[in-house]
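Number of protein chains: 2
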Amino acid sequence: MAPFEVLNEEGMELLEHNADTILEEVGLEFRGDREAVRLLAGAGADVDEERVRFPRGMCRQLVQATAPRQFTQHARNPANSVEIGGPHTVFAPNYGSPFVRDLEGGRRYGTIEDFRNFVKLAYLSPHLHHSGGTVCEPVDVPVNKRHLDMVYSHIRYSDKPFMGSVTAPERAADSVELAKITFGEEFVDQNAVILSLINANSPLVWDATMVGAAKVYAAANQATLITPFILAGAMAPVTAAAVCAQTLAEALGGMTLVQLVRPGAPVVLGSFASSMSMQSGAPTFGTPEPALVLYAMAALARRLGVPFRSGGSLCASKIPDAQAAYESAATLIPTVLAGVNFVLHAAGWLEGGLAVGYEKFILDADQCGMMATFIRGVDLSDNGQALDAIRENGPGQHFLGTAHTLANFESAFYRSPVADNNSFEQWQEDGSLDAAQRANVIWKRMLAEYEPPPIDPAVDDALLDFIGRRKAAVPDSDV
Amino acid sequence: MAPFEVLNEEGMELLEHNADTILEEVGLEFRGDREAVRLLAGAGADVDEERVRFPRGMCRQLVQATAPRQFTQHARNPANSVEIGGPHTVFAPNYGSPFVRDLEGGRRYGTIEDFRNFVKLAYLSPHLHHSGGTVCEPVDVPVNKRHLDMVYSHIRYSDKPFMGSVTAPERAADSVELAKITFGEEFVDQNAVILSLINANSPLVWDATMVGAAKVYAAANQATLITPFILAGAMAPVTAAAVCAQTLAEALGGMTLVQLVRPGAPVVLGSFASSMSMQSGAPTFGTPEPALVLYAMAALARRLGVPFRSGGSLCASKIPDAQAAYESAATLIPTVLAGVNFVLHAAGWLEGGLAVGYEKFILDADQCGMMATFIRGVDLSDNGQALDAIRENGPGQHFLGTAHTLANFESAFYRSPVADNNSFEQWQEDGSLDAAQRANVIWKRMLAEYEPPPIDPAVDDALLDFIGRRKAAVPDSDV
Numbered sequence: 000m001a002p003f004e005v006l007n008e009e010g011m012e013l014l015e016h017n018a019d020t021i022l023e024e025v026g027l028e029f030r031g032d033r034e035a036v037r038l039l040a041g042a043g044a045d046v047d048e049e050r051v052r053f054p055r056g057m058c059r060q061l062v063q064a065t066a067p068r069q070f071t072q073h074a075r076n077p078a079n080s081v082e083i084g085g086p087h088t089v090f091a092p093n094y095g096s097p098f099v100r101d102l103e104g105g106r107r108y109g110t111i112e113d114f115r116n117f118v119k120l121a122y123l124s125p126h127l128h129h130s131g132g133t134v135c136e137p138v139d140v141p142v143n144k145r146h147l148d149m150v151y152s153h154i155r156y157s158d159k160p161f162m163g164s165v166t167a168p169e170r171a172a173d174s175v176e177l178a179k180i181t182f183g184e185e186f187v188d189q190n191a192v193i194l195s196l197i198n199a200n201s202p203l204v205w206d207a208t209m210v211g212a213a214k215v216y217a218a219a220n221q222a223t224l225i226t227p228f229i230l231a232g233a234m235a236p237v238t239a240a241a242v243c244a245q246t247l248a249e250a251l252g253g254m255t256l257v258q259l260v261r262p263g264a265p266v267v268l269g270s271f272a273s274s275m276s277m278q279s280g281a282p283t284f285g286t287p288e289p290a291l292v293l294y295a296m297a298a299l300a301r302r303l304g305v306p307f308r309s310g311g312s313l314c315a316s317k318i319p320d321a322q323a324a325y326e327s328a329a330t331l332i333p334t335v336l337a338g339v340n341f342v343l344h345a346a347g348w349l350e351g352g353l354a355v356g357y358e359k360f361i362l363d364a365d366q367c368g369m370m371a372t373f374i375r376g377v378d379l380s381d382n383g384q385a386l387d388a389i390r391e392n393g394p395g396q397h398f399l400g401t402a403h404t405l406a407n408f409e410s411a412f413y414r415s416p417v418a419d420n421n422s423f424e425q426w427q428e429d430g431s432l433d434a435a436q437r438a439n440v441i442w443k444r445m446l447a448e449y450e451p452p453p454i455d456p457a458v459d460d461a462l463l464d465f466i467g468r469r470k471a472a473v474p475d476s477d478v
Numbered sequence: 000m001a002p003f004e005v006l007n008e009e010g011m012e013l014l015e016h017n018a019d020t021i022l023e024e025v026g027l028e029f030r031g032d033r034e035a036v037r038l039l040a041g042a043g044a045d046v047d048e049e050r051v052r053f054p055r056g057m058c059r060q061l062v063q064a065t066a067p068r069q070f071t072q073h074a075r076n077p078a079n080s081v082e083i084g085g086p087h088t089v090f091a092p093n094y095g096s097p098f099v100r101d102l103e104g105g106r107r108y109g110t111i112e113d114f115r116n117f118v119k120l121a122y123l124s125p126h127l128h129h130s131g132g133t134v135c136e137p138v139d140v141p142v143n144k145r146h147l148d149m150v151y152s153h154i155r156y157s158d159k160p161f162m163g164s165v166t167a168p169e170r171a172a173d174s175v176e177l178a179k180i181t182f183g184e185e186f187v188d189q190n191a192v193i194l195s196l197i198n199a200n201s202p203l204v205w206d207a208t209m210v211g212a213a214k215v216y217a218a219a220n221q222a223t224l225i226t227p228f229i230l231a232g233a234m235a236p237v238t239a240a241a242v243c244a245q246t247l248a249e250a251l252g253g254m255t256l257v258q259l260v261r262p263g264a265p266v267v268l269g270s271f272a273s274s275m276s277m278q279s280g281a282p283t284f285g286t287p288e289p290a291l292v293l294y295a296m297a298a299l300a301r302r303l304g305v306p307f308r309s310g311g312s313l314c315a316s317k318i319p320d321a322q323a324a325y326e327s328a329a330t331l332i333p334t335v336l337a338g339v340n341f342v343l344h345a346a347g348w349l350e351g352g353l354a355v356g357y358e359k360f361i362l363d364a365d366q367c368g369m370m371a372t373f374i375r376g377v378d379l380s381d382n383g384q385a386l387d388a389i390r391e392n393g394p395g396q397h398f399l400g401t402a403h404t405l406a407n408f409e410s411a412f413y414r415s416p417v418a419d420n421n422s423f424e425q426w427q428e429d430g431s432l433d434a435a436q437r438a439n440v441i442w443k444r445m446l447a448e449y450e451p452p453p454i455d456p457a458v459d460d461a462l463l464d465f466i467g468r469r470k471a472a473v474p475d476s477d478v
């Protein structure tokens, strides 16, 4: 199925032209990283201190020359490796929330136990393809050491692909080292095994922390999501066309730098755009305007020829109620119909990303399953057409017991583990539970039944040894 | 924006071919209506008692020869008249539920007071274009007389377009009479002022009640929604391609009859398809398979050249929780992206249509508003591009107070009356309400502030006089 399009050819050319105008006339600031500025100047950019202006077409040309259209992110279990780009859509869980929420505990700061729980839930969820990164912030671990526990958790409690740390270049380097212990040094140099989230400091700024991490990953041939994070009206003008052009400009600058650090390093064009409440200035999600941006940016990434990251199950709601679900669906459905390749925040997101919810995670993962069924499309085989079944049955006869129904019974429809489709009376008899209450039962059962995937004990020991040494080398710090 | 497509040209031709095969080889039964069978035989169909088989292409040809591609349904207030067909999408409320639900009252049988309340809410909802029909069943009014009170309520308490009764041909005739009193006899004969829901008795049966009502409306030049209602696996094979071909066959047969009764009478191809729980046989909604059917049928209707009805805010959930919202969004978004022209059940639907919810109505109507904003697309005007705003602002400067933001402030983003986008702390201070609780406050305020649209007292007297005489003419009956 071709992606849904909100712009015609002319509209896309206009936005590309505007992105080039922004890059040429205003430029981007690369703050606190002289090497980045030097690399860009060497490739033809016009540099004035930290301000970098790009001749029209320069970024596009450099990115298209070496960035792969599609790449494999390898998982510890090869069966779980994912393709990023082309017609593929990879669902990864929530990222970056300081708070967690569940029905009994309410809202509280995340811990490393919560972190491990979410890694386990993603591992057990058939519709999530990826273990993600900072599924929640484990605030009970010092800031300068928690990346070690997080990356270890992804490797140890899951065997799906994962993300690395970006909060400091040396933490990115630690992530790469842990990957090398797990996958082997040579393998890591030749293959993407880490994918990391590099956010622009919009408008039009790349800061030293993110650029530093991006350079580490690129040098190691690891993949980065180069993502302007734009709350329209704050980090860009309020209008969709402006958000798109600015996003494209910022992403092109970041991707260009990555390709200069190591030509061919996998890079994904990211877009995270939200609207905002003009009453309070708070970010809003699942509204029509970010959906328009999402469709437009997906099309612009296709034209550029790089994989695209956006979307997820985003919402502003504080709890997994109807608001959360409407908003999440109004983000996730466009995400899929736009053909997004890598979907961060596909499960668990609440209150604009400030919290990740256990019940929300289960509810969202179920929706990811529905999306996977949807994109398989209409089965036009003889069995799908079922003409004989219609011929044999005739008018007025139901199909419940026919041979065709019985033969297709098991696989005919997506089965949700959360939805209650029973009669009102049965639902009432079962306790009149709402969706969140049913999801609560499910995540608890999943964690109770969880068993870790196998790992080579020598690898595990080496990982723990590395982590122990790194933790011992410096005092705890909360920056 | 072009509609989203799930089938290519070849796929659509295959389904059209299969529909013709069904019409030719199996045929349709028109039960208990000799006139209908005679009309179809006269037009070239092959008739064997009540079974009617159609030569390949006959129905398509007859429908395309006279059915309008688009028509106006006139409202009592001309400003509220709607276009049905072409690029237009009309949202109408829930239809047919015996039960109503609200937060305080829970689930109970609907009454004429509930009916009036929903008519008032639809009248007051800027994002609903239509008053609908049987928004709930007013079970406190005798079955054989409630259509009079329902149609009167639509005319008196709203001035948006409405639907007529289909539960018996004479009730359809009463609906037409009430319309003639309201709009004038000549106007009604030349213009569509009633749109009515004619369901097939799938598989492959049209029964006397529905055909009788359809004939009354067609003869009066009023519009009908010719809608196979298919629970896949029960009323058709379980597979999407079979549901589509059968739906097309049944609808073609019904539309052909309407065109033979009165060539040119407005007719809409309808599709209502649900999947089913293979555990319990219960209908399921918001699942991937009906979305595929919806997209495919919308494309088939476009190829036929008639307006299309489908979709809505469908769900299986008993309450307005996350399940209800995910399912409703997973129906409503495809409805809009498929380019559905008339959307019944756009607001209020719960538990597979058995109940209509006051809070759900408010939540759904808000989503309809979001859809209306979405389909306006990306503004590519100079103001939308906002290049000067980006030029003037420069890297690292926020846009909150810029001239462009201030100028676009009011209209930049869709404003939801229900969503809570405040901080967690503010939300908590406001009582930690969920979306349904906030919607509860809204519908009560709307009803408290409701004022009826003006009506000519002479027309009102004539309507009430007609209704009084019709009610007095026959004893109450519950069939």
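Chains as they are written, first to last, in numbering that gives the first Met the number 0: chain X, 0 to 478; chain B, 0 to 478. Heads up, the beta-carbon is just placed ideally off N, CA and C, and yes, glycines get one too. Since we're looking at a predicted model, the values are computed, not measured.
- The stretch 198–210 of chain X and the stretch 172–180 of chain X do not touch, with fewer than 3 CB-CB distances between them shorter than 8 Å.
- When C-alpha distances from residue 376/X are compared across 1/B, 292/B, 279/B, 86/B, the shortest belongs to 292/B.
- Shown in chain order are the members of the stretch 91–107 of chain B whose Cβ falls below 9 Å from a Cβ of chain X: 98, 106.
- The Cβ atoms of residue 251/X and residue 18/X sit closer than 8 Å to each other.
- Excluding sequence positions up to five before and after residue 314/B, its CB lies within less than 6 Å of the CB of 284, 285, 323, 326, 327, all in the same chain and listed in chain order.
- Along the stretch 6–19 of chain X, going in chain order, the ones with a CB nearer than 7 Å to a CB of chain B are 6, 10, 13, 17.
- Proximity of residue 317/X to chain B, defined by a Cβ-Cβ separation below 8 Å, is satisfied.
- With respect to the 8 Å criterion, residue 417/B and residue 143/B are not classified as neighbours on the basis of their beta carbons.
- The DSSP-derived three-state label of residue 103/B is coil.
- Counting only the Cα atoms, residue 49/B lies some 29 Å from residue 162/B.
- Interface annotation, residue 334/B: not in contact with chain X, CB-CB separation never under 8 Å.
- As for any beta strand (DSSP E) of minimum length 3 sitting wholly inside the stretch 200–277 of chain B, the runs are 222–230, 266–269, 271–275, ordered along the chain.
- Taking residue 277/B as reference, the option from 278/X, 420/X, 349/X, 336/X with the minimal CA-CA separation is 420/X.
- Two segments are said to touch when three or more pairs of C-beta atoms, one from each, lie closer than 8 Å; by this definition the stretch 99–110 of chain B touches the stretch 348–355 of chain B.
- The criterion of a C-beta distance shorter than 8 Å is not satisfied by residue 438/B and residue 353/B.
- Here the stretch 249–265 of chain B makes no contact with the stretch 396–410 of chain X; the two share fewer than three CB pairs at distances below 8 Å.
- Just so you know, the alpha carbons of residue 342/X and residue 226/X end up roughly 12 Å apart.
- Taking every protein chain shown into account, the CB of residue 100/B has 16 or more other CB atoms within 10 angstroms, so this residue is buried.
- Each of 28/B, 10/B, 12/B, 4/B was checked against the Cα of residue 394/X, and the nearest Cα belongs to 28/B.
- Along the stretch 382–459 of chain X, the alpha helix (DSSP H) occurs as fully enclosed runs of 4 or more residues at 386–392, 402–407, 423–428, 434–448, listed in sequence order.
- Only buried fits residue 155/X, as 16 or more other CB atoms lie within 10 angstroms of its CB.
- A straight-line Cα-Cα distance of about 11 Å links residue 270/B and residue 311/B.
- Within chain B, the residues 420, 421 have their CB atoms less than 7 Å from the CB of residue 279/X, given in chain order.
- Between residue 475/B and chain X, the shortest Cβ-Cβ separation is not below 8 Å.
- Between residue 238/X and residue 371/B, the C-beta spacing is not below 8 Å.
- Look at residue 345/X: its C-beta is not under 8 Å from any C-beta on chain B.
- Listed by position along chain X, the residues whose Cβ is nearer than 8 Å to that of residue 256/B form an empty set, because the closest Cβ is around 15 Å away.
- Contact with chain X is absent for residue 445/B, since none of that chain's Cβ atoms lies less than 8 Å from the residue's Cβ.
- Assignment of residue 338/B by DSSP, reduced to helix, strand and coil, places it in the coil class.
- About 7 Å separates the Cβ atoms of residue 196/X and residue 94/X, confirming a contact at the 8 Å cut-off.
- Distance from the CA atom of residue 383/B to the CA atom of residue 295/X, rounded to whole angstroms, is 14 Å.
- The beta-carbon of residue 188/X is placed no less than 8 Å from the nearest beta-carbon of chain B.
- Per DSSP, residue 82/B is one residue of the beta strand (DSSP E) stretching across 81–84.
- With the criterion set as a beta carbon lying under 8 Å from some beta carbon of chain X, the members of the stretch 191–213 of chain B are 200, 202, 203, 204, in sequence order.
- Apart from the 5 residues on each side of it in sequence, residue 209/X sits with its Cβ closer than 8 Å to the Cβ of 165, 197, 198, 199, 200 in its chain, given in chain order.
- Taking C-alpha positions only, residue 51/B is separated from residue 44/B by approximately 6 Å.
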